[in-house]
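So the sequences go chain by chain: A and B. Residue numbers are given in my numbering: position 43 of the first sequence equals residue 1091, and the series is strictly consecutive. Residue numbers are given in my numbering: position 157 of the second sequence equals residue 1205, and the series is strictly consecutive.
Protein chains: 2
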Amino acid sequence: MIEPVTRAERVRKGSSQRRVQEKENLQQAIMDAAGELLLEQGYSGFSLRQVAERIGYSATTIYLYFKDKDELVFSLIDEAWDRFGRELEQAAASTTNPIEQLRAIGHAYFNFGLNNAVYYQLMFMQRSDFLFCPKPDEELPRIASFVVLTNAVQAGIEAGVLKPGDVQAYSLTAWSLVHGLVSLWISMPQLISESVVRGSIDTILDVAIGGLLQQQGSAIS
Amino acid sequence: MIEPVTRAERVRKGSSQRRVQEKENLQQAIMDAAGELLLEQGYSGFSLRQVAERIGYSATTIYLYFKDKDELVFSLIDEAWDRFGRELEQAAASTTNPIEQLRAIGHAYFNFGLNNAVYYQLMFMQRSDFLFCPKPDEELPRIASFVVLTNAVQAGIEAGVLKPGDVQAYSLTAWSLVHGLVSLWISMPQLISESVVRGSIDTILDVAIGGLLQQQGSAIS
DNA sequence: CAATTTGATTAACACTGTTAAGCAGATTAT
DNA sequence: ATAATCTGCTTAACAGTGTTAATCAAATTG
């Protein structure tokens, strides 16, 4: 590729850049509008025609920037996964004590779910097929965010505060419990009020960690 | 109302009965076809036009027997709730030992979820709004099936095998854990194979019951 | 035998995601 | 500068969806 030297060439290059810039702008505008609509209407009431109307474009224009509806939704979920992963890592980095770490991770997970109910529902309840979609320009699947959990469990076992056992099984148990509470609240908020859920977090984390602590202990005997 | 005495009156009554019989037949035929379609296509691919085609009727005919799509789906969910409730009661009645009872209930819950994934998803994950719909001819809401769980927890506390505490909170914790595992498997079977889930049930129930056993014990200290 | 009710149908509306054809304006080539 | 091409976007259209209104024949009633 040769450097642009003449004025005409520079202008052409600038124009070209401006166009890809505008292209990215519109893509971002679509995602912004889509995100708004998703939060307002939920996934069931989320339609491309409404997204398009919101930004003053025809519905089919979206197809010039996203392959189909799924790809647009997945872009939104992907942003949520980034936030989720960061918050989990932040929690894990807040302490070195394995038990405290597990508790912090649990809290971070809970808070993400309670503060991002629509996205949580999409990520873990409705469109979890996306979890295993290979992402362009990324070698790790989205599910990789969970290494912070397995790492903490591993550290707990190595430090001797958790009974030796299968790291995956332990992590799955812990995950099940927090996911269970969050998803129950999301799907039936009428049954469990948000304040009750927020008040139950510590108790539930106690049960989870306590259950793992003496895994084969008094529960069996 | 006068008893039918003349022959004509008796014929008329028989004909009338036959008609309501046929009416109930068609209603049942719709539900059967709908149930099949639901299991084959899942809730997302479930449409009234396909149900109608399956029984050789026009789509709008369904509206003569059900108010709308929701009412049809809810009828199906309702049948599932009946089965669910029976299986839970059966499990609770299998033993008088509170701990054994909790374990049996947990197993029954798990098995229902694993064997009726589509309905479980509808009941607890996608259309749980139905949980709180008042049902005609029934005074108890569907959620009442959960008294078997709270009863078992209550019995465990009274028998002294579970630490004294809030029955609702205990039940919610136990429910969260089993629901968490079942729903994680349902929404991401690629992550957890059915065999792994089935193998995890006992371990998870151990953690749940163990966690409740010494609630405020070594987990905190 | 006439009037009316009943069970089902077709037509239609307002949506949905998606594809194909067309069109005006910017860009490029001659 | 003019002609050709390309680009971004739009309208039209297709195949679906749930749902309502109008219709029609057949059974039931008077």
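C-beta atoms are modelled at their ideal positions from N, C-alpha and C, and glycine is treated no differently.
Which chain B residues are close to residue i, counting only those with a beta carbon under 9 Å from its beta carbon?
{"i": "residue 1100 of chain A", "result": "Ordered by position in chain B, no residue passes the 9 Å Cβ test against residue 1100 of chain A, which lies about 23 Å from the chain."}
{"i": "residue 1120 of chain A", "result": "Those within 9 Å of residue 1120 of chain A in chain B number zero; the least Cβ separation is about 18 Å."}
{"i": "residue 1188 of chain A", "result": "Here the premise fails: no neighbours, minimum Cβ distance about 15 Å."}
{"i": "residue 1296 of chain A", "result": "Absent from the structure is residue 1296 of chain A, since the part of chain A shown begins at 1049 and ends at 1269."}
Taking residue i as the query, report the chain B residues whose CB atoms sit under 8 Å from its CB, ordered along the chain.
{"i": "residue 1227 of chain A", "result": "1228, 1231 and 1232"}
{"i": "residue 991 of chain A", "result": "Because chain A spans 1049 through 1269 in this model, residue 991 of chain A falls outside it and cannot be assessed."}
{"i": "residue 1235 of chain A", "result": "1172, 1173, 1174 and 1176"}
How should residue i be labelled, buried or exposed, when 16 other C-beta atoms within 10 angstroms of its C-beta is the threshold for buried?
{"i": "residue 1212 of chain B", "result": "exposed"}
{"i": "residue 1095 of chain B", "result": "exposed"}
{"i": "residue 1257 of chain B", "result": "buried"}
{"i": "residue 1135 of chain A", "result": "buried"}
{"i": "residue 1058 of chain A", "result": "Unreliable placement is indicated for residue 1058 of chain A, whose pLDDT of 48 sits below 50; the coordinate value is still reported in the next sentence. So residue 1058 of chain A counts as exposed."}
{"i": "residue 1203 of chain A", "result": "buried"}
{"i": "residue 1006 of chain B", "result": "The structure shown does not extend to residue 1006 of chain B, since chain B spans only 1049 to 1269, so no value can be given for it."}
{"i": "residue 1246 of chain A", "result": "exposed"}
{"i": "residue 1259 of chain B", "result": "buried"}
{"i": "residue 1244 of chain B", "result": "exposed"}
{"i": "residue 1200 of chain A", "result": "buried"}
{"i": "residue 1097 of chain A", "result": "exposed"}
{"i": "residue 1241 of chain A", "result": "exposed"}
{"i": "residue 1146 of chain A", "result": "buried"}
{"i": "residue 1056 of chain A", "result": "Note on residue 1056 of chain A: pLDDT 45, under 50, position unreliable in the model; the coordinate value appears next. Exposed, since its Cβ has fewer than 16 Cβ neighbours within 10 Å."}
{"i": "residue 1231 of chain B", "result": "buried"}
{"i": "residue 1092 of chain B", "result": "exposed"}
{"i": "residue 1269 of chain B", "result": "The predicted model places residue 1269 of chain B with a pLDDT of 31, which falls under 50 and marks its position as unreliable, so this point remains unresolved."}
{"i": "residue 1188 of chain A", "result": "exposed"}
{"i": "residue 1082 of chain A", "result": "buried"}
{"i": "residue 1131 of chain A", "result": "exposed"}
{"i": "residue 1251 of chain B", "result": "buried"}
Starting from residue i and walking both ways along the alpha helix (DSSP H), at which residues does that stretch end?
{"i": "residue 1249 of chain B", "result": "1242-1261"}
{"i": "residue 1234 of chain A", "result": "1215-1235"}
{"i": "residue 1164 of chain A", "result": "Looking at the DSSP string, residue 1164 of chain A is not in any alpha helix (DSSP H), and its letter there is neither H nor E."}
{"i": "residue 1204 of chain A", "result": "1195-1206"}
Assuming residue i contacts residue j under a Cβ cut-off of 8 Å, what Cβ separation, rounded to an integer in Å, is found between them?
{"i": "residue 1179 of chain B", "j": "residue 1236 of chain A", "result": "6 Å"}
{"i": "residue 1224 of chain A", "j": "residue 1228 of chain B", "result": "3 Å"}
{"i": "residue 1139 of chain B", "j": "residue 1156 of chain B", "result": "4 Å"}
{"i": "residue 1167 of chain A", "j": "residue 1107 of chain A", "result": "Contact flag wrong, Cβ pair sits at about 24 Å."}
{"i": "residue 1113 of chain A", "j": "residue 1074 of chain A", "result": "6 Å"}
{"i": "residue 1226 of chain B", "j": "residue 1221 of chain A", "result": "Actually they do not touch by this definition, with Cβ atoms about 11 Å apart."}
{"i": "residue 1215 of chain B", "j": "residue 1175 of chain B", "result": "In fact, because the Cβ distance is near 27 Å, the residues do not count as touching under 8 Å."}
{"i": "residue 1110 of chain A", "j": "residue 1170 of chain A", "result": "That belief does not hold up - the Cβ atoms of residue 1110 of chain A and residue 1170 of chain A are roughly 18 Å apart, past 8 Å."}
{"i": "residue 1173 of chain A", "j": "residue 1123 of chain A", "result": "Not confirmed; about 19 Å, so no contact."}
{"i": "residue 1158 of chain B", "j": "residue 1249 of chain B", "result": "5 Å"}
{"i": "residue 1195 of chain B", "j": "residue 1153 of chain B", "result": "With 8 Å as the limit, residue 1195 of chain B and residue 1153 of chain B do not qualify as a contact, their Cβ atoms being about 11 Å apart."}
{"i": "residue 1253 of chain A", "j": "residue 1190 of chain A", "result": "Residue 1253 of chain A to residue 1190 of chain A, Cβ: 24 Å. No contact."}
{"i": "residue 1133 of chain B", "j": "residue 1193 of chain B", "result": "4 Å"}
Listing by chain order, which chain A residues have their CB less than 7 Å from the CB of residue i?
{"i": "residue 1217 of chain B", "result": "1248 and 1251"}
{"i": "residue 1180 of chain B", "result": "1238"}
{"i": "residue 1150 of chain B", "result": "Those do not exist, as residue 1150 of chain B stays about 11 Å from chain A at its closest Cβ, beyond 7 Å."}
{"i": "residue 1143 of chain B", "result": "Going along chain A, no residue has its Cβ under 7 Å from residue 1143 of chain B, so there is no contact; the nearest lies around 17 Å."}
{"i": "residue 1124 of chain B", "result": "Within chain A, no residue comes near residue 1124 of chain B; the closest Cβ sits about 18 Å away, beyond 7 Å."}
{"i": "residue 1108 of chain B", "result": "None at all; the shortest Cβ gap to chain A is about 24 Å."}
For residue i, return the contacting residues in chain B, with the cut-off set at a CB-CB distance below 7 Å.
{"i": "residue 1256 of chain A", "result": "1259"}
{"i": "residue 1224 of chain A", "result": "1225, 1228, 1229, 1232 and 1252"}
{"i": "residue 1087 of chain A", "result": "The premise fails here: residue 1087 of chain A is roughly 19 Å from chain B at the closest Cβ pair, so nothing lies under 7 Å."}
Under 8 Å Cβ-Cβ, which residues of chain A neighbour residue i?
{"i": "residue 1193 of chain B", "result": "Those within 8 Å of residue 1193 of chain B in chain A number zero; the least Cβ separation is about 13 Å."}
{"i": "residue 1162 of chain B", "result": "Within chain A, no residue comes near residue 1162 of chain B; the closest Cβ sits about 14 Å away, beyond 8 Å."}
Would you mind telling me which residues of chain A sit closer than 9 Å to residue i, beta carbon to beta carbon, in chain order?
{"i": "residue 1096 of chain B", "result": "Result: empty, since nearest Cβ-Cβ is about 17 Å, beyond 9 Å."}
Let me check you understand the geometry: is the CB of residue i closer than 8 Å to at least one non-hydrogen atom of the ligand ZN?
{"i": "residue 1085 of chain B", "result": "Inclusion of the ligand ZN in the displayed structure is not the case, the ligand content being empty and no account of it being possible."}
Uninterrupted alpha helix (DSSP H) stretches inside the segment 1063-1150 of chain B (no shorter than 4 residues)
1096-1103 and 1117-1141
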